[in-house]
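Novice: My structure is below; once you've seen it, I'll send some questions.
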């Protein structure tokens with residue numbers, strides 16, 4: 061792989077999943093692969109699991125890691141080409157990314173959308189400017205519209221947990237939240253499950269929360285949550301703000317929160333969430349603390365997803 065921005069950068073999703081699970085069994089089998097190589101992790105937004113798991117993965121491969129919170133420690137960046145920089149921005153991404161590309165062998169970038177201008181967010185200006193000027197492979201730690209490391213992790217987790225010959229039924233359900241959230245995780249989850257092709261996939265949400273069709277693809281869309289959850293083997297819970305009424309909260313119906321009662325019609329479904337999660341708003345305590353929650357094993361698999369991706373970029 062030359063970069064890792066979306067599932068489109070992956071030659072084979074099933075093979076990448078296998079590589080990750082191999083690393084889970086033997087974390088240090090390639091501990092010299094990244095020797096004398098440096099990963100620069102650039103954060104424009106906060107992170108817990110993505111940052112820590114990627115650092116561990118890089119160290120498992122023998123890489124040095126430099127973490128830079130550019131939003132707190134660096135100059136305010138200008139992202140627009142041709143800008144007259146007589147305002148608040150002090151440095152252009154053209155120089156910043158190019159300089160960092162001189163220091164690092166791989167750059168990993170995390171940025172979020174503004175959730176105000178759909179066209180701008182969906183053009184992925186921030187991460188694309190780093191790709192354009194860095195001159196080294198770029199790995200997404202989440203962007204305005206996608207979170208590929210999380211979604212690779214989710215596929216790894218489903219593959220690991222599912223031991224039956226038939227395809228599992230995977231349901232991604234919207235849940236309420238107290239503030240508008242990006243579409244990056246649901247976009248990415250849908251994109252990866254569709255590309256993986258080894259699950260029967262349903263998306264359920266209130267009307268008005270349809271995702272961009274280029275990500276939801278051929279997934280079955282069901283507006284009745286109870287109907288969608290019938291026979292589900294895995295339930296992926298996530299809030300997102302409206303794509304149509306961009307960045308808006310158009311529904312606050314608390315009945316969409318995932319509870320044990322909601323899961324009664326499922327096939328004893330395993331419950332997943334990318335974390336962090338608002339307890340008793342998105343998912344009830346009884347579910348998160350119950351036997352069907354796999355959010356912690358899911359989060360643990362973030363290391364192996366990142367290690368698989370970094371290894372393929374290093375080998376490439």
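In my numbering, the protein residues as written are 61 to 376.
Glycine included, each C-beta is placed from N, C-alpha and C at the ideal position.
Quick check on residue 123: buried or exposed, where buried means 16 or more other Cβ atoms within 10 Å of its Cβ?
Specialist: Burial call: buried.
Novice: I'd like to know whether the C-beta of residue 76 is nearer than 8 Å to at least one C-beta of chain B.
Specialist: Among the chains of the structure shown, chain B does not appear; only one protein chain is present.
Novice: Any chance you could list the alpha helix (DSSP H) runs of at least 4 consecutive residues sitting entirely within the region 195-225, in chain order?
Specialist: Correct list: 208-221.
Novice: Look at residue 277 and residue 310 and say whether their C-beta atoms are less than 8 Å apart.
Specialist: Not closer than 8 Å, so no.
Novice: Compare the Cα-Cα distances from residue 256 to each of 233, 246, 215 and 263 and report the closest residue.
Specialist: With distances taken between Cα atoms, residue 256 lies closest to 215.
Novice: Taking the straight line between their C-alpha atoms, what separation do you get for residue 375 and residue 188?
Specialist: Roughly 23 Å between the two C-alpha positions.
Novice: Indicate whether the contact test is met: 3 or more Cβ pairs, each with one atom in the region 195-215 and one in the region 301-320, closer than 8 Å.
Specialist: Taking 8 Å as the limit for Cβ pairs, the verdict is that the region 301-320 does not touch the region 195-215.
Novice: Should residue 20 go down as buried or exposed, given a rule of 16 or more other Cβ atoms within 10 Å for buried?
Specialist: With the chain running from 61 to 376 in the structure shown, residue 20 is simply not present.
Novice: Which runs of the beta strand (DSSP E) fall wholly inside the region 248-302 and span at least 3 residues, in chain order?
Specialist: Complete beta strand (DSSP E) runs here, min 3: 260-264, 280-282 and 294-298.
Novice: In this structure, does DSSP put residue 110 in helix, strand or coil?
Specialist: Here residue 110 sits in helix by DSSP.
Novice: For residue 365 and residue 298, what's the separation of their Cα atoms in angstroms?
Specialist: Using only the alpha carbons, I get a separation of about 20 Å.
Novice: Counting pairs of Cβ atoms below 8 Å between the region 352-368 and the region 259-266, do you hit three or more?
Specialist: No contact exists between the region 352-368 and the region 259-266.
Novice: For residue 326, tell me which candidate among 320, 341, 289 and 316 has the shortest Cα-Cα distance.
Specialist: It is 289.
Novice: Should residue 156 and residue 202 be called a contact, given that it needs their Cβ atoms to be closer than 8 Å?
Specialist: It is not a contact, given that the beta carbons lie outside the stated cut-off.
Novice: If we call anything under 8 Å between Cβ atoms a contact, is residue 78 one with residue 217?
Specialist: Contact: no.
Novice: Would you call the region 176-192 and the region 312-331 touching, i.e. three or more CB-CB distances under 8 Å?
Specialist: Counting Cβ pairs under 8 Å, fewer than three are found: no touch.
Novice: CB-CB under 7 Å to residue 119, same chain, minus the five flanking residues each way: which ones, in chain order?
Specialist: Hits under 7 Å: 125.
Novice: Can you tell which of 237, 233 and 270 has the C-alpha that lies nearest to the C-alpha of residue 377?
Specialist: Nothing in the structure corresponds to residue 377, since the chain is present only between 61 and 376.
Novice: Quick check on the DSSP output: the alpha helix (DSSP H) that includes residue 167 runs from which residue to which?
Specialist: Note, residue 167: premise wrong, no alpha helix (DSSP H); beta strand (DSSP E) at 166-170.
Novice: Since residue 389 is in the beta strand (DSSP E), which residue starts that stretch and which ends it?
Specialist: Within the shown structure, residues of the chain are numbered from 61 to 376, placing residue 389 beyond reach of any answer.
Novice: For residue 195, which residues in the same chain have their Cβ closer than 6 Å to its Cβ, ignoring the five residues on either side in sequence?
Specialist: If we look at residue 195 and ignore the five residues flanking it on each side, its Cβ neighbours are 161.
Novice: Under the three-state reduction of DSSP, which class applies to residue 67: helix, strand or coil?
Specialist: DSSP places residue 67 in helix when its eight states are reduced to three.
Novice: Whose C-alpha, out of 254, 337, 222 and 253, is nearest the C-alpha of residue 239?
Specialist: Looking at the Cα atoms, 337 is the closest of the given residues.
Novice: What first and last residue would you give for the beta strand (DSSP E) that runs through residue 100?
Specialist: Its beta strand (DSSP E) spans residues 98-103.
Novice: Classify residue 246 as buried or exposed, calling it buried when 16 or more other Cβ atoms lie within 10 Å of its own Cβ.
Specialist: Looking at its Cβ environment, which holds 16 or more other Cβ atoms inside 10 Å, residue 246 is buried.
Novice: Here's the rule: buried if 16 or more other CB atoms are within 10 angstroms of the residue's CB, otherwise exposed. What is residue 213?
Specialist: By the neighbour-count rule (16 or more Cβ atoms within 10 Å), residue 213 is buried.
Novice: Given a cut-off of 8 Å, decide if residue 316 and residue 285 are closer than it, judged by their beta-carbon atoms.
Specialist: It is a contact, given that the beta carbons lie within the stated cut-off.
Novice: Taking Cβ to Cβ, would you say residue 254 is nearer than 8 Å to residue 279?
Specialist: In this structure, residue 279 lies closer than 8 Å to residue 254 by Cβ.
Novice: By Cβ distance, which residues of its chain are closer than 6 Å to residue 138, with the 5 residues on each side in sequence left out?
Specialist: Around residue 138: 145, 149 and 152.
Novice: In whole angstroms, what separates the C-alpha of residue 130 from that of residue 164?
Specialist: Rounded to whole angstroms, residue 130 to residue 164 spans 15 Å at the Cα level.
Novice: With respect to the beta strand (DSSP E) encompassing residue 330, which residues constitute its N-terminal and C-terminal limits?
Specialist: Start and end: 330-332.
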